[in-house]
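**Q** After the structure tokens below, expect a handful of questions from me.
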Amino acid sequence: MSKEKSTAASNWADWVLKSEKGWRAIANQFNDHIDWYTVANESKAFDENQDKCRYYNVGCFDWNRIVLSSRPAQDDFYHANSVHLEGDDQFHVIAAQVETSSSFSPIVNQGPLHNTTEDFWEMIYQEKVSTIVQLCNFTEGPERTRCSEYWPVKNDLSFGDFTVTLELEDLIDENITDIQLRTFTLKKNDESEVHSVRHIFYCRWPDYGVPREVTPLITIIRWLEENGGMGKDAPLLVHCLAGIGRTGTLIMTLMGLRHIRRLGFREDCSGFMVEIAKELRRHRDGSVQTPQQYIYAHAALLKLLALEGLVEEDDRLKGFRYVNAPEF
Numbered sequence: 003m004s005k006e007k008s009t010a011a012s013n014w015a016d017w018v019l020k021s022e023k024g025w026r027a028i029a030n031q032f033n034d035h036i037d038w039y040t041v042a043n044e045s046k047a048f049d050e051n052q053d054k055c056r057y058y059n060v061g062c063f064d065w066n067r068i069v070l071s072s073r074p075a076q077d078d079f080y081h082a083n084s085v086h087l088e089g090d091d092q093f094h095v096i097a098a099q100v101e102t103s104s105s106f107s108p109i110v111n112q113g114p115l116h117n118t119t120e121d122f123w124e125m126i127y128q129e130k131v132s133t134i135v136q137l138c139n140f141t142e143g144p145e146r147t148r149c150s151e152y153w154p155v156k157n158d159l160s161f162g163d164f165t166v167t168l169e170l171e172d173l174i175d176e177n178i179t180d181i182q183l184r185t186f187t188l189k190k191n192d193e194s195e196v197h198s199v200r201h202i203f204y205c206r207w208p209d210y211g212v213p214r215e216v217t218p219l220i221t222i223i224r225w226l227e228e229n230g231g232m233g234k235d236a237p238l239l240v241h242c243l244a245g246i247g248r249t250g251t252l253i254m255t256l257m258g259l260r261h262i263r264r265l266g267f268r269e270d271c272s273g274f275m276v277e278i279a280k281e282l283r284r285h286r287d288g289s290v291q292t293p294q295q296y297i298y299a300h301a302a303l304l305k306l307l308a309l310e311g312l313v314e315e316d317d318r319l320k321g322f323r324y325v326n327a328p329e330f
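Numbering-wise, our numbering comes out as the position in the sequence shown, counting from 1, plus 2.
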């Protein structure tokens, strides 16, 4: 990164950490510019496939939805979108599919329902997904099933035309037992091709909330970057329940990091994350749901920039714990 971009990153870090109102200033950004922000786009397929949607009020725009290409038109719906981010860099977010000029192309989608697990695996197979990140548990709250158990805990499971086989279990970091890593193979009946996909499972991120520290998100992002699998031809897929809150927070952090690396900032960097969040919502309505999630993305990005040496690891940053941020 150029000296100018590194300086811009430091300026942004100073703005975040030195704001007179502290984290309240970041929360105010969310409340003033993002919380209410929505775009009216047609969602006819979503309206016609409510039995395949987890929430009636989390839509899926027609113009950029992911289509299951081998299905007839009346059965090609899955709750997924592609997103193009306007501006100096060109992003794309799914299911939201995110594309950039550097071939960053993640997919984001709602967690599978019992009646959409086959659709989910068909999308994995069709899009040649390399890595799945699951940011929700199967049951949350008072033991309610929220996300269908779409992968085998041992041996294999079949979902319609697809068979998923567990090949490997591990941790992405031996010091963090909450983030599990698995490798699955995926085979479609009557086809010889076998597709391998990695699966990261982090189940401690509360719905509508955030983990108490940024370490889990940073650990996942750094593993993804070190192990590849975020390119256009073998994309990353991220989901939670609706595919907008926890999922949007991870994608927003990744996009912020990549933007800073490639472009730095204009003179006024205070609105940088606002524009990323708005652009996400233009293509995946409701992305990043709460002030806490918006603050959490800022906190994680600060730490990532410090780890890369792009901002100074001073006492403010060394002593930072997200738990110090107040509730809003």
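C-beta atoms are modelled at their ideal positions from N, C-alpha and C, and glycine is treated no differently.
None of these values were measured; they are calculated from a predicted model.
Rounding to the nearest angstrom, what Cα-Cα distance links W123 and T255 in this structure?
**A** The straight-line gap from Cα to Cα measures roughly 26 Å.
**Q** Determine the contact status of I28 and A279, defining contact as a CB-CB distance below 7 Å.
**A** No, they are not a contact pair.
**Q** Roughly how many whole angstroms lie between the Cα atoms of L159 and G113?
**A** Their Cα atoms are separated by approximately 17 Å.
**Q** Check whether the Cβ atoms of V212 and Q136 sit closer than 7 Å, and answer yes or no.
**A** Not in contact: V212 and Q136 (Cβ atoms no closer than 7 Å).
**Q** Out of V216, E44 and R224, state which residue places its alpha-carbon closest to the alpha-carbon of W207.
**A** Of the candidates V216, E44 and R224, the one whose C-alpha sits nearest the C-alpha of W207 is V216.
**Q** On the DSSP bridge list, what partners appear for A82?
**A** DSSP output for A82 lists N111 as bridge partner(s).
**Q** Taking the C-alpha atoms as reference points, what is the distance between T119 and F161?
**A** Cα-Cα distance, rounded: 7 Å.
**Q** What residue range does the beta strand (DSSP E) around T292 cover?
**A** No beta strand (DSSP E) contains T292, which DSSP labels as neither H nor E.
**Q** Assuming W25 contacts I297 under a Cβ cut-off of 8 Å, what Cβ separation, rounded to an integer in Å, is found between them?
**A** Indeed they touch by this definition, with Cβ atoms about 5 Å apart.
**Q** Under 8 Å by Cβ, that's how I've got Y127 and H197 pegged, so tell me the actual separation to the nearest angstrom.
**A** Right, the Cβ-Cβ distance comes to about 6 Å (below 8 Å), so this counts as a contact.
**Q** Out of D180, E50 and V166, point me to the one whose CA is closest to D172's CA.
**A** Selected option, being the one with the closest Cα: D180.
**Q** Assign T221 to one of two classes, buried (16 or more other C-beta atoms within 10 Å of its C-beta) or exposed (fewer than that).
**A** Its Cβ being crowded by 16 or more others within 10 Å, T221 is buried.
**Q** Would you mind reading off the limits of the alpha helix (DSSP H) that contains V276?
**A** Here the alpha helix (DSSP H) through V276 covers F274 to H285.
**Q** Is L87 helix, strand or coil by DSSP?
**A** Low confidence applies here, because L87 scores a pLDDT of 49, under 50, leaving its location unreliable; read the following figure in that light. In this structure, L87 counts as strand in the three-state DSSP scheme.
**Q** Taking buried to mean at least 16 other C-beta atoms within 10 Å of its own C-beta, is T214 buried or exposed?
**A** It should be noted that the sequence gives Arg, not Thr, for residue 214. R214 comes out exposed.
**Q** Can you check whether the CB of L238 is closer than 7 Å to the CB of M232?
**A** It is a contact, given that the beta carbons lie within the stated cut-off.
**Q** Would S84 and N59 be called neighbours here (beta carbons separated by less than 7 Å)?
**A** Not in contact: S84 and N59 (Cβ atoms no closer than 7 Å).
**Q** What are the boundary residues of the alpha helix (DSSP H) that includes F122?
**A** Here the alpha helix (DSSP H) through F122 covers T119 to E129.
**Q** Mapping DSSP to helix, strand and coil, what is A236?
**A** It is a strand residue.
**Q** What's the call for D287, buried or exposed, on a 16-neighbour Cβ count within 10 Å?
**A** Buried, by the Cβ-count rule.
**Q** Is D163 closer than 7 Å to N191 when the C-beta atoms are compared?
**A** Yes, the Cβ-Cβ distance between N191 and D163 is below 7 Å.
**Q** In terms of DSSP beta bridges, what is E142 paired with?
**A** The partner list for E142 (beta bridge, DSSP) reads R146.
**Q** Suppose the cutoff is 7 Å on Cβ atoms and the five residues either side in sequence are ignored; what does the same chain contact list for E129 look like?
**A** Excluding sequence neighbours, E129 sits near I109 and P237.
**Q** In this structure, what does DSSP give as the bridge partners for Q52?
**A** According to DSSP, which records beta bridges pairwise, Q52 is partnered with nothing at all.
**Q** Could you tell me which residues DSSP puts in a beta bridge with D158?
**A** Per DSSP, T167.
**Q** Exposed or buried, D90, counting other C-beta atoms within 10 Å across all chains shown (16 or more means buried)?
**A** Per-residue confidence for D90 stands at a pLDDT of 37, beneath the threshold of 50, marking its modelled position as unreliable; the derived number appears in the next sentence. Result: exposed.
**Q** Taking only the alpha-carbon atoms, compute the straight-line gap between L168 and W153 and give it to the nearest angstrom.
**A** Whole-angstrom Cα-Cα distance: 8 Å.
**Q** Would you mind reading off the limits of the beta strand (DSSP E) that contains I28?
**A** Careful: I28 lies outside any beta strand (DSSP E), inside the alpha helix (DSSP H) at W25 to Q31.
**Q** Would you check if the distance between the CB atom of A11 and the CB atom of I262 is smaller than 7 Å?
**A** Yes, these two residues count as a Cβ contact at 7 Å.
**Q** State the CB to CB distance for the pair L219 and L183, rounded to an integer number of angstroms; the pair is presumed to be in contact (CB under 8 Å).
**A** Not really, about 16 Å apart at Cβ, beyond 8 Å.
**Q** Determine the contact status of D209 and E142, defining contact as a CB-CB distance below 7 Å.
**A** Against a cut-off of 7 Å, the Cβ pair of E142 and D209 comes out as a contact.
**Q** Have a look at the DSSP bridge pairing and note the partners of R184.
**A** R184 pairs with E171 and H201.
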